[in-house]
Each structure stands twice: as C-alpha cells, then as structure tokens.
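Reminder that position 244 of the sequence shown reads as 561 in this note's numbering, one-by-one numbering, no gaps. Think of the CB as a built atom: it goes at the ideal place given N, C-alpha and C, for glycine as much as any other residue. These notes concern the structure reproduced below.
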Amino acid sequence: MPARHSTRAKLACLGLILGVIAGCHLQPVPAPALPQPAASPPRGGAAPAPVAPPLPRAQPRLPRPAITKPAHPALRPDAVAVLIRSLETQYAAAVELYQQGRLDEARRSFDQTVDRLLASPYDLRSTPRLQAELNSLLDRIQALESDLLPVGGMNSVQAQASPLQQVPPVTFPLDAATRAKLERASRLATAVQPPGALALPINDRVLRYVHYFTTRGRASILEGFQRGGRYKTMVDRIFRAYGVPTDLFYMAQLESDFNPRERNGGMWQFEPSRAADYGLQRNHWVDERDDPHLETVAAARHLRDLHAEFGDWFLAMAAYNAGPGTVLRAVARTGYADYWKLDALAALPRTTRDYVPVVLAMALIARNPSQYGFGHLTLDPPRRLDRVRVSANLDLRLAAECAQVTVGDLQHLNPSLLEYLVPAGYELYLPLGASTKFNEALSRVPAGDRITWRMHWVQPGDTWRRVSRRFHISEARLAAANHLSLRLRPVPGMPLALPLGGRVVIRQVASRRR
318 MPARHSTRAK LACLGLILGV IAGCHLQPVP APALPQPAAS PPRGGAAPAP
368 VAPPLPRAQP RLPRPAITKP AHPALRPDAV AVLIRSLETQ YAAAVELYQQ
418 GRLDEARRSF DQTVDRLLAS PYDLRSTPRL QAELNSLLDR IQALESDLLP
468 VGGMNSVQAQ ASPLQQVPPV TFPLDAATRA KLERASRLAT AVQPPGALAL
518 PINDRVLRYV HYFTTRGRAS ILEGFQRGGR YKTMVDRIFR AYGVPTDLFY
568 MAQLESDFNP RERNGGMWQF EPSRAADYGL QRNHWVDERD DPHLETVAAA
618 RHLRDLHAEF GDWFLAMAAY NAGPGTVLRA VARTGYADYW KLDALAALPR
668 TTRDYVPVVL AMALIARNPS QYGFGHLTLD PPRRLDRVRV SANLDLRLAA
718 ECAQVTVGDL QHLNPSLLEY LVPAGYELYL PLGASTKFNE ALSRVPAGDR
768 ITWRMHWVQP GDTWRRVSRR FHISEARLAA ANHLSLRLRP VPGMPLALPL
818 GGRVVIRQVA SRRR
C-alpha cells in the first residue's frame, strides 16, 4: 500500500509539472516578422487564465507547435499553380468528352478552359507560367482537332441537305405541247453562243428539269440566281483562264446556292482530301475551302483535269459529283464513254444522273430568263473588294478598327477565317477603298503587338486626357506609343494606337453559319 501511494504521488507530481510546461507553451508568442497585438484575446471570449506562472526568462524555451505560428507569405499556396492545376483538370474532362465522340460538348469545354485562363486577373506577359499554359492548351487542342479535319473538325455543323437533294427526281415524261413550248424557248435562249460557254443540249432529260424550275421549283432557284451575281464575274474570269466552260458556274448553285458558309466545304463543296490535292489550306485558323476565290481556282483546275481524263465535259461534271473512279468503272462496265448513254443505262448513281441535267437546265434558264417567264432577274452586285496580305498575326477586332468596319463585316468578307486571329500571310479581304486607311492605321501598331493593341480614330473634341480616361491608358504611354508629343492636340480623323494590356482573347467563329 505505501508503495502504491508513493507511485500515485509521483504520477500526480509529474502531471502537475507537464501541465505547467504545457500552459506556458500554449501562450501565444508574437512572430518577429509579423508582430501581433499582445493583449488581444482570441475571438469568442476572454483569454484563458494561465495554469502556472511563466518560467524564468533564463530557462530555454521549448519549440512552438506549427499551428500557433502565423503563416508567412512565402508558405501560402501558389495561386498560379492552383489555377494551372484546375485548368488541367478541366482540360482532361474535355478530352474525355472528345474520346467519347461528344464533339460539340468537347469543343465548348475546350473553349471554356481557354476563356477561364484568359479571364483570370493575371497579365499573361508578366506571368510566364500562364503564358506557357495558354500556348500548351492551344497546341494540344489544335492537335486533337487536326485529327478530325478529314471529317470537318470539332466545329462541324450538322449535315444539311444540299440544293441537289432538295430537287426531287423528275421521271414523268413531258406532254407534247409542253415539250414543244420549252424546246422553242431553249432554242431562242441558245441562239447566240457566249464566248467560252458550253454547247447546251436540248433533250428530254434537261427539258424535264427546265419544266420543274419554271413551275413548282421556281422559288428554289431564284435565291441562288440572285446570290450568284456576287460571284459570276469572278468565276467567269477564272474559268476562262483555265479553259473551263462558263456554264459550269451553275454547278456551284447546285452545290451550295452560292453560300460559302452554308455547309462545310464552301461554295464548291470540296471534300477534305480533294482540297488538299489542290492546295487549299485547312488548319486551326483557316479553311480555304470557304474562300470563294481560292476554291473557284481549285474547282477550275479540278474540272480541267477531269476533262483531260475523260475528254468530255458532261463526264467531267459527273466525275466531279461522284468521283472519277465511279465514272471510270461505269465506262469500263458498259463500254460507253458517253454521259447520256451511261444515264440511259442507269450505270451511274441516281444523284449523279440527276446532277448533270439539273445544272444544264439552270444554265439554259440563265441564258435568257425572260424566255422562261422569269422576267428581269435582279442579281446581287459583284463583289468588289480590296485585298491586303497580313505580315504578322493580327486580331480581327484590331483589323476591323483599322478599316473602320465591324467585325461582322470582316467575317462576312472572309468566311475562311475560323478564329478572331488572322494568321500571318493571310490575304484579308476589305471593302473596296478601305485598304489605304487600314494600312495607315495598322502601321502605327508594332508587328508583335497586333494581337493585344487596339485602334481609335480621333473624334472631334478628343484630347489626350479624354482618350486616356476612356481607355485607361496613361497620357504619356498613349503619346509614346504613337510617337507624338503631348503638346500637340490629336487631330480628328487620325488613328491612335491603343497599347492595351497583354490579355489575348481568341474566340471560335467557325460554327457561326449564316
């Protein structure tokens, strides 16, 4: 018993000593670098009374637990690293959507990832890690999209019915009176052969579609005829240069109704592999199939090559629609290198057998619309544009400000652009007469800053102070960027380069179909 009491006494004494040490140890001690008010009690009540008097100052102090030491700024979580990790998580989720074939959702998720980085409060130029992350994201997204270029990329729209698919097959023969009337009109329409035109046949297959377009199908070609006025002069000039009959212009009406952005493939509906064969560039920034001029040149070259292969323009037209291999197999199987023989034998696909007579019917009507009851057709005026070659990457918004037009105007004139970024080397179309002021204004922006800077045309009443406040740029920086003196008031009508921050916003526009 005495021994047991002695042990208990020793344990009690040891507990008292430990309690005293712990009480002293838990008293808050201010950090030297970040002093705190000594008398401030903790929130929620008064400070607890010490369990024992403080130890003498000469006694060595025990190490303080980490939980009582205020966090030093250098030990705080790296906000940039946290943001990058979060962006990578979001990117990985988008990749998973991509791998599942949910391309629309993947495209939106990729865009949201990039937008979130660009919307961060950091200046990319002064934050190299974020600039590197942006470049990495764009490169990886572009690589994934490049894998899908043969099927239109992640921005492909839902497949829409082509104008040919909207024309029903016309199989019933014409009655004698209707046929005689259409023959007379067609002979009058072809009485004068325009230079470079095709000798249009007047046969039953063609006249059936002439009858369709002059009756229940009348409305279906009027809009295409009208819109075709924008491109007729350009296409005729290119076709003559390559020795292609100008009547084949109406193939583009049957392909796209002369709307380059209506369906993937542009005005002439080039397949991706065929586009590559004829040098049409397709990447993350541009799809030159949507450039009416470049694709018309490619179409002229392709038609010329098909004519050289088959020796007949009607077979060339059929091969354009169905592919050269399909026509070659039909010729080999039947022994006839004649389109009308192949049509009569149903040796070609149904759509191809309709394709040629539909184009020829359109060309017949266009030769002399009044003969077919269309009266005077009002065509859209030809596109008359300026073209400037871009020497450095350029934001489309800066380009619009330099030309004093809207971004929508430039998108309409440059349907091959897929982004707000105009890549170096691109030939930018501008409204006729706009190139002079465009070049004058753009020359004020250094080549390396044409993604981030903007342009302001001085208005009456503008002063350095007013422009400075409006765009949140110091007067000194504004004047220096334009190599001007603050002592000289800006003159109305002059362009002022705006040296804005380093944030780059590149947004997708390819899916904005008109």
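Note on geometry: alpha-carbon atoms of R501 and V487 lie some 21 Å from one another.
DSSP places A741 outside both helix and strand once states are collapsed to three, so it counts as coil. For the 7 Å CB-CB criterion, F788 and L815 form a contact. With respect to L524, L499 sits close: the two C-beta atoms are nearer than 7 Å.
Per DSSP, reduced to three states, the secondary structure at V603 is strand. If you look at H773, you'll find it in the beta strand (DSSP E) that goes R771 to W774. Restricting attention to beta strand (DSSP E) runs no shorter than 3 residues, the segment 724–810 encloses them at 744–748 and 771–774, ordered along the chain. Ranked by Cα distance from V412, the options L400, V399 and Q429 are led by Q429. When DSSP states are grouped into helix, strand and coil, R704 belongs to the strand group.
R767 places its beta carbon less than 7 Å from that of L711. Contact between L803 and W781 holds: their C-beta atoms lie close to 6 Å from each other, under 8 Å. With a contact defined as Cβ atoms closer than 8 Å, L597 and A615 qualify at about 6 Å. Annotation: R684 to L749 spans about 29 Å, alpha carbon to alpha carbon.
For the pair R606 and V561, the CB atoms are not nearer than the 7 Å cut-off.
Beta-bridge partners assigned by DSSP to D712: L738. For E572, the number of other beta carbons within 10 angstroms of its own is at least 16, and it is reported as buried. Residue pairing from DSSP places L813 in a beta bridge opposite H773. Linking A654 to F530 through their CA atoms gives a straight-line distance of about 29 Å. Taking C-beta atoms as the reference points, V705 and S760 fail to come closer than 7 Å. In terms of Cα proximity to G642, the closest of P666, V673, A661 and K658 is P666. With respect to P740, W602 sits close: the two C-beta atoms are nearer than 7 Å. The residues A615, R618 and H619, in chain order, have a CB closer than 7 Å to that of Y595 in the same chain once the five nearest residues on each side in sequence are set aside.
With fewer than 16 other Cβ atoms inside 10 Å of its own Cβ, H800 counts as exposed. Look at L517 here: in three-state DSSP terms it is coil, with no helix or strand label. Two segments are said to touch when three or more pairs of C-beta atoms, one from each, lie closer than 8 Å; by this definition the segment 686–697 touches the segment 538–545.
Setting aside the 5 residues that flank it on each side, E718 is surrounded in the same chain by R771 and M772, each with a C-beta closer than 7 Å to its C-beta; the list follows chain order. Between Y567 and A680, the CB-CB gap stays under 7 Å. Shown here for F575: same chain residues with a beta carbon closer than 8 Å to its own, the five before and five after excluded, namely G541, R544, G545, R547, Y548, A569 and M584 in chain order.
Each residue's CA atom was taken as its position, placing H693 and L539 some 11 Å apart. Cβ atoms of Y526 and V675 come within 8 Å of each other, at about 5 Å. Less than 7 Å separates the beta-carbon of A647 from that of A664. Going by beta carbons, T507 and I555 fall outside the 7 Å limit.
The three-state reading of DSSP puts F542 in helix, counting H, G and I together.
Taking all protein chains shown into account, G652 has fewer than 16 neighbouring C-beta atoms within 10 Å of its C-beta and is therefore exposed. Counting along the chain, the unbroken alpha helix (DSSP H) around W630 starts and ends at W630 to A639.
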